[in-house]
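Trainee: Quick one: the structure is below, questions incoming.
Residue numbers (UniProt numbering): 1 to 158.
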């Protein structure tokens with residue numbers, strides 16, 4: 001056999017979003033968003049950078065609206081978010097990247113996180129949380145046009 005060496009250049013690494021979309025396609029929406037799918041604590045970290053026109057009162061109201069999701073986000077009529085904590089940027093290290101508010105949402109499983117996050121990974125409204133989607137639609141116009149939000153998830157102990 002004659003083998004050739006092929007050099008691949010400028011190939012973008014596969015994103016976590018693409019991996020999750022493939023996973024959802026493989027197992028189906030119902031399994032991917034089930035509460036017991038991949039059990040184990042998941043931390044969903046969200047940072048907001050607001051547009052300049054957003055008043056301090058509006059920023060505070062949007063934080064309260066985000067915190068309310070702990071009770072408004074329901075699956076089969078029951079809350080499924082373990083906790084949401086939030087606060088304003090308070091670090092003096094000078095590396096906050098301009099983000100002003102931070103939130104940590106805790107879930108019992110990746111399935112709960114998948115159900116909560118919804119789009120762009122889960123595209124069928126039957127399989128994602130309407131309250132969270134409504135909040136995303138509401139807050140979007142108030143975020144900075146460039147890098148107005150940063151989201152970082154991790155599985156505890158992973």
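Glycine included, every Cβ here is placed at the ideal spot set by N, Cα and C. Given the structure is predicted, the values throughout are model-derived calculations rather than measurements.
On the CB-based measure, 16 or more other CB atoms within 10 Å of its CB, does residue 17 come out buried or exposed?
Mentor: Residue 17 is exposed by the Cβ-count criterion.
Trainee: Work out the CA separation of residue 85 and residue 115 for me, nearest whole Å.
Mentor: C-alpha separation (whole angstroms): 19 Å.
Trainee: On the DSSP letters alone, give me the boundaries of the beta strand (DSSP E) that residue 47 sits inside.
Mentor: 39 to 48 is the extent of the beta strand (DSSP E) around residue 47.
Trainee: Does DSSP put residue 101 in a helix, in a strand, or in coil?
Mentor: Residue state, collapsed to three classes: strand.
Trainee: Any chance you could list the alpha helix (DSSP H) runs of at least 4 consecutive residues sitting entirely within the stretch 69 to 139, in chain order?
Mentor: The qualifying runs are 110 to 117 and 130 to 139.
Trainee: What did DSSP end up calling residue 29 once you bin it into helix, strand or coil?
Mentor: In this structure, residue 29 counts as helix in the three-state DSSP scheme.
Trainee: How should residue 92 be labelled, buried or exposed, when 16 other C-beta atoms within 10 angstroms of its C-beta is the threshold for buried?
Mentor: So residue 92 counts as exposed.
Trainee: Whose C-alpha, out of 21, 50 and 154, is nearest the C-alpha of residue 107?
Mentor: Checking every option, the nearest Cα to that of residue 107 belongs to 154.
Trainee: Could you work out which residue in 109, 134 and 105 is closest to residue 119 when comparing CA atoms only?
Mentor: Nearest option by C-alpha distance: 134.
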